[in-house]
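The sequence shown runs 1 to 154 under UniProt numbering. Cβ coordinates follow ideal geometry from the N, Cα and C atoms, glycine included. This structure is a prediction, so every number in the text was calculated from the model and none was measured. Structure first, then comments.
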Amino acid sequence: MDRFLSSAINRIDAKGRVSVPAHFRSVVQRRGFTDLYALRALDVPAMDVGGPDLLDRYEERIAVEDPFLQTADDMSFFVHGDGSFLKLDQDGRITVTDFVREHTGITSQVAFVGRGLFFQIWEPERLSAHGADVRARLLKLRQQASQARAANTE
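Below, the structure is given as structure tokens:
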């Protein structure tokens with residue numbers, strides 16, 4: 001499987017490093033990544049983490065914008081100014097930098113959650129609350145769709 005799936009919580013060691021879950025490391029290895037690109041998520045206190053292809057995807061999107069418009073400038077500021085590279089050491093650990101901690105609120109543990117082509121890192125309690133919100137929104141959509149189908153069959 002070449003996707004980031006599932007979730008895990010790992011403890012940060014005394015040197016500020018955390019082990020990337022083994023199943024995420026295997027995806028990283030299969031894809032041949034040596035560095036990981038991390039971007040502060042725009043709408044949640046999490047970091048989006050992937051390989052250089054994640055950065056490439058954002059830069060391709062910026063390239064189609066008119067360089068003289070504010071949108072291109074804002075997107076570049078976000079993708080380049082709110083991003084950084086994380087080095088994966090030989091033991092599969094990354095350093096949880098102040099850059100990451102300030103945005104996520106991470107202190108002693110890191111929650112990893114797969115997002116398909118990338119993964120996110122969260123402070124575990126914030127991830128739990130976000131997950132509950134996501135499930136509630138999806139349940140509401142399901143209920144609305146079910147009600148709409150029922151109304152259309154009457």
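With a beta-carbon spacing of about 5 Å, Val20 and Gly92 fall inside the 8 Å limit used to define contacts. In this structure, the straight-line span from the alpha carbon of Arg142 to that of Ala132 is close to 15 Å.
Pairing Phe78 with Ala14, the inter-Cα distance amounts to about 31 Å. Between Thr97 and Arg126, the C-beta spacing is not below 9 Å. About 25 Å separates the beta carbons of Ile94 and Met75, which is beyond the 8 Å limit, so they are not a contact pair. Secondary structure note for Phe24: its alpha helix (DSSP H) is the uninterrupted segment 22–31.
Counted as a single uninterrupted DSSP element, the alpha helix (DSSP H) harbouring Gln143 occupies residues 124–153. In the three-state reduction of the DSSP assignment, Gln120 falls in the strand class, which pools E and B. Residue pairing by DSSP places Gly83 opposite Leu39 in a beta bridge. Proximity to Met47 across Glu123, Ser146, Asp56, Lys140 peaks at Glu123, based on C-alpha coordinates. Ala72 and Leu39 have their C-alpha atoms some 17 Å from each other. The alpha-carbon of Ile121 is positioned some 9 Å away from that of Val100. Val49 counts as buried, since at least 16 other C-beta atoms from the protein chains shown sit within 10 angstroms of its C-beta. Contact annotation, Phe112 with Ser7: C-beta distance approximately 6 Å; criterion of less than 8 Å satisfied.
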